[in-house]
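Numbering (our numbering), first residue to last: 2 to 431.
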Ligand code: SAM
Ligand code: SF4
């Protein structure tokens, strides 16, 4: 039997898809690249913005045509489009065989005549991961309930995995050639508060750091208020943990942050950035921003633009506010910023950030940086070339066929806002 999984959305979704694939592999199923070659097609969906939902709906329209293949062919929808109640989805998409909430694979397994495989992880199932990098969720769900966000309604309350459980998964990944692990949580510093011994992310990093085989660790996504000096110390002290922080600020204006119910102000955000840069002056700091949130004035938006200039982020993920039915903002605030204003603000942030990241990347010219080689990507004329990432998560292209999983020192010779290029200088001992 053959399956095909289509995945959109965040890293957590990618990790969920890997896990489902591992479960299906265990049943002896084989993965195929096209839906029309498969006996089971799974769409792993995202609901964070309307655009993401529309992509999945478009995909479902195309799949409907395959329905004629008979009852043996199964279609499943999983991920953040699926809430606790599925009646509405069943009515809209009657040709779908199973709807599964994030990480709750039972309805999919039942649709193909199997029991739920259960458990967080099936270590024995992982064969050879197709990449030297892997995502490992450490805390599921989110308790923050930011006004604009659908995630807590779809992924539920925070649940941390035990250190032993995470450790076992990382050991299995290391044994199968994975060299870089990114620990995942919607607010990753929330890790551990619901466990009996209340370990924190720093404790987990220290424990994982001892494992052989893994050359690098990262973690995503940081919540400014929960970032503690203990966690920052762990990153600074542990050589395998990359000095890389994704800390969404969402807005540079205190009144907007309050309407968003983010639970911090810009003074606190600045404090956390200063703490990180004090310990690690070269740390890469990236952020997420929403423009055009309910009631955002020109002056409020200007504060966000000012913050982008002030902090000098390595990268900014910017999105126009998209009202999500069921959220607090959807129920209580008017989506009153015109679409063209949202787009103009989005482009203003993108333009400012291109100059800033171009400048930051330009400072690396002539320097040797550590790159973990991830794979091969031939150059424009077909010449052999490889790619990988720096500790700051910047994409680097290098000529020649380097070995995936190697850590190499690369002398940077080309820099743009989006990537770097250079020549391997030497192998780096791990
Ligand atoms: N937990 C993280 C945080 O605290 O920011 C990220 C969660 S969310 C999966 C990823 C990003 O999507 C957010 O940082 C936010 O910028 C964006 N986002 C969430 N809801 C949105 C909405 N309704 N409209 C536009 N962007 C949204
Ligand atoms: Fe959504 Fe806020 Fe939770 Fe991030 S912290 S997932 S933005 S509710």
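Cβ atoms here follow ideal geometry from the backbone N, Cα and C, with glycine treated the same way.
Between the CA atoms of residue j and residue i - distance to the nearest angstrom
i           : j           : result
residue 422 : residue 87  : 48 Å
residue 431 : residue 298 : Low confidence applies here, because residue 431 scores a pLDDT of 45, under 50, leaving its location unreliable; read the following figure in that light. Roughly 51 Å separates the two Cα atoms.
residue 33  : residue 19  : 14 Å
residue 276 : residue 97  : 50 Å
residue 110 : residue 180 : 31 Å
residue 161 : residue 197 : 11 Å
residue 57  : residue 238 : 43 Å
residue 90  : residue 101 : 11 Å
residue 37  : residue 72  : 14 Å
residue 11  : residue 401 : 31 Å
residue 209 : residue 132 : 20 Å
residue 367 : residue 413 : 5 Å
residue 326 : residue 221 : 26 Å
residue 152 : residue 250 : 17 Å
residue 305 : residue 284 : 21 Å
residue 369 : residue 184 : 27 Å
residue 108 : residue 77  : 9 Å
residue 334 : residue 148 : 9 Å
residue 356 : residue 363 : 10 Å
residue 266 : residue 2   : 53 Å
residue 154 : residue 8   : 20 Å
residue 331 : residue 59  : 24 Å
residue 435 : residue 41  : The chain is shown only over 2 to 431; residue 435 falls outside these bounds and no answer can be derived.
residue 343 : residue 322 : 8 Å
residue 256 : residue 263 : 10 Å
residue 150 : residue 23  : 30 Å
residue 164 : residue 170 : 10 Å
residue 46  : residue 62  : 14 Å
residue 337 : residue 17  : 35 Å
residue 389 : residue 65  : 39 Å
residue 105 : residue 156 : 10 Å
residue 25  : residue 350 : 42 Å
residue 115 : residue 31  : 16 Å
residue 6   : residue 166 : 25 Å
residue 226 : residue 248 : 10 Å
residue 28  : residue 174 : 20 Å
residue 82  : residue 339 : 26 Å
residue 252 : residue 74  : 46 Å
residue 4   : residue 21  : 10 Å
residue 187 : residue 228 : 13 Å
residue 439 : residue 35  : Since the first residue shown for the chain is 2 and the last is 431, residue 439 is missing from the structure and cannot be characterised.
First and last residue of the uninterrupted alpha helix (DSSP H) at residue i
i           : result
residue 330 : 329 to 333
residue 312 : 299 to 312
residue 61  : 51 to 65
residue 270 : 267 to 280
residue 1   : Nothing about residue 1 can be reported from this structure: the residues present for the chain run from 2 to 431 only.
residue 24  : 12 to 27
residue 155 : 152 to 156
Beta strand (DSSP E) segment containing residue i, residue limits
i           : result
residue 142 : Segment: none, residue 142 is in no beta strand (DSSP E) and carries neither H nor E.
residue 398 : 396 to 400
residue 79  : 75 to 80
residue 91  : Where residue 91 is concerned, there is no enclosing beta strand (DSSP E), although the alpha helix (DSSP H) it sits in stretches over 88 to 93.
residue 255 : Residue 255 -> not in any beta strand (DSSP E); alpha helix (DSSP H) instead, spanning 255 to 260.
residue 288 : 285 to 292
residue 413 : 408 to 416
residue 46  : 41 to 46
residue 96  : It is not in any beta strand (DSSP E) - residue 96 carries neither H nor E in the DSSP assignment.
residue 316 : 316 to 321
residue 405 : From DSSP, residue 405 is part of no beta strand (DSSP E); its letter is neither H nor E.
residue 5   : 3 to 8
residue 389 : 386 to 390
Quick test of the definition: if touching needs 3 or more C-beta pairs under 8 Å, does the segment 138 to 157 touch the segment 172 to 192? yes
Start-end ranges of the alpha helix (DSSP H) lying completely within the segment 336 to 376, minimum 4 residues: 340 to 363
Contact shell at 6 Å, judged by CB to any heavy atom of ligand 1, ordered along the chain: 11, 49, 50, 149, 150, 152, 187, 188, 222, 224, 249, 251, 289, 291, 320, 322, 323 and 325
Between the segment 302 to 318 and the segment 280 to 291, do three or more beta carbon pairs fall short of 8 Å? yes
Three or more C-beta pairs under 8 Å: does that hold for the segment 394 to 408 against the segment 360 to 380? yes
For the segment 204 to 215 against the segment 264 to 281, are there 3 or more C-beta pairs whose distance is under 8 Å? no
Going residue by residue through the segment 160 to 244, where are the continuous beta strand (DSSP E) segments of at least 3 residues, counting only ones entirely within it? 181 to 186 and 217 to 221
Pair every Cβ in the segment 380 to 394 with every Cβ in the segment 230 to 244, then say whether three or more of these pairs are closer than 8 Å. yes
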